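Encoded as structure tokens, the structure appears first; notes follow it.
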Ligand code: PGA
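Numbering (full-length UniProt numbering), first residue to last: 1 to 247.
Dropping the structure here:
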């Protein structure tokens, strides 16, 4: 995986009409997008199939799910499985975002199970790791994310293609402080060491915007960006895709 990956998760935002409009605009802009950038979009489950349907069959834009259960089917009210999101057009599955770890009790063990379920169905897992502010304050960030990464990919075969997003918890969302390149370098090196036997591509996420994107992409080992708020409108996403190509 040599290209620069740039994607956005819409989290719990967008109606179907809004999601379709974004996807239509992205499809229209795609011919002018830089070939060296791999774009991806992660809509809420309600809009996954609609977003995929708005993109041409030949589109390079990959669509992902924000989460998926570790079992293929069954009595799990409220959940969706990897085969279901694949059926809706997903090629990626985001797993272990800090909002899910914090608010929904997502444990390392569940994340590992979801990684295996994703790979069983030939989708690519995008595992999010990142330390809370207290761990950063104590200087434990590299060891913390290395442990999260090793736990997520435990038992995964050597050479498997995976994505990992380094997303320090203190950098994400409203009130988040964007990480500096210095903040990012050692944890990314630790993630790369923890995935040395995999075909892993490491992204940075947390308060990314068009301004800070170039410096973050310059950090050794960073192969892309995972963007929330700044890419929720199409113009913002296109800006970051173009900035990534120049880096
Ligand atoms: P943000 O979200 O860009 O809005 O900080 C990033 C993320 O949660 O992946």
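Glycine is no exception: its CB is placed at the ideal position from the N, C-alpha and C atoms. Computed from a predicted model, the values in this text were never measured in an experiment.
(request) Kindly examine the ligand PGA and report whether one of its heavy atoms sits closer than 8 Å to the Cβ of residue 167. (result) At least one heavy atom of the ligand PGA sits closer than 8 Å to the Cβ of residue 167.
Problem set entry | Whether residue 130 touches residue 106 by CB criterion (9 Å) | Pairing residue 130 with residue 106 gives a Cβ-Cβ distance that is not under 9 Å.
For residue 141, three-class secondary structure by DSSP | Secondary structure at residue 141: helix, using DSSP grouped into helix, strand and coil.
Original post:
Does the ligand PGA have a heavy atom nearer than 8 Å to the CB of residue 228?
Top reply: Flag set: Cβ of residue 228 near the ligand PGA.
Q) So what does residue 199 bridge to, in DSSP terms? A) DSSP output for residue 199 lists 161 as bridge partner(s).
Checklist line | Candidates 221, 227 and 179, of which the one nearest residue 6 by Cα | finding: From the listed residues 221, 227 and 179, the smallest Cα separation to residue 6 is found for 227.
| query | In three-state terms, what does DSSP make of residue 172? | reply | Note: residue 172 maps to coil in three-state DSSP.
| residue 65 in three-state terms, based on DSSP | For residue 65, the secondary structure class from DSSP, reduced to helix, strand or coil, is strand.
*asked:* I believe residue 128 touches residue 94 by the beta-carbon criterion, under 8 Å. Please report the beta-carbon distance rounded to the nearest angstrom.
replied: In this structure residue 128 is in contact with residue 94, their Cβ atoms being roughly 7 Å apart against a cut-off of 8 Å.
- Query: What does residue 42 pair with, by DSSP beta-bridge criteria?
  - Reply: Residue 42 is bridged to 9.
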